[in-house]
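Take the sequence shown: its position 26, counting from 1, is numbered 26 in the UniProt record's numbering, and each next residue is one higher.
As structure tokens, the structure follows; a few thoughts come after it.
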Amino acid sequence: MSPTTSPISSVGSQGSCCSNSAIPPSPNSLITIPQRIHQMAANHVNITNSILYSYEYWEVADNLAKENKDFFNYLNALMGPVTLHSSIAHLVQYTRQGLNWIRHRTQFS
């Protein structure tokens, strides 16, 4: 069996796919992108931003929880801790309970 080069290893070498192009692309030429591809790229950027912000928000929430340990210890004991894998229903119940405690605490202060 004789060794052969793969298409990947030959890209950029002499005789590769684009080295014999007679007309270089103009710097002012326009490239049209299909709407579907543009929308997919925009959705990807939005999802990536959401993921990045979710980690930032998680860090802020984690710092607030550390600053208010007693409050969250009581809330976690009653409702169970919130994790990255918590259901939406659990998040809603947890948040409602915490907000009720804050509301009651501010009414009596």
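Virtual Cβ for every residue (Gly too), placed ideally from N, Cα, C.
- Straight through space, the alpha carbons of W101 and L91 are spaced by roughly 15 Å.
- It is roughly 59 Å from the alpha-carbon of T32 to the alpha-carbon of R105.
- Y94 and S109 have their C-alpha atoms spaced approximately 23 Å apart.
- DSSP places V82 outside both helix and strand once states are collapsed to three, so it counts as coil.
- In the three-state DSSP reduction, N49 falls in the helix class (H, G or I).
- Around the beta-carbon of L78, fewer than 16 other beta-carbon atoms lie within 10 Å, marking it exposed.
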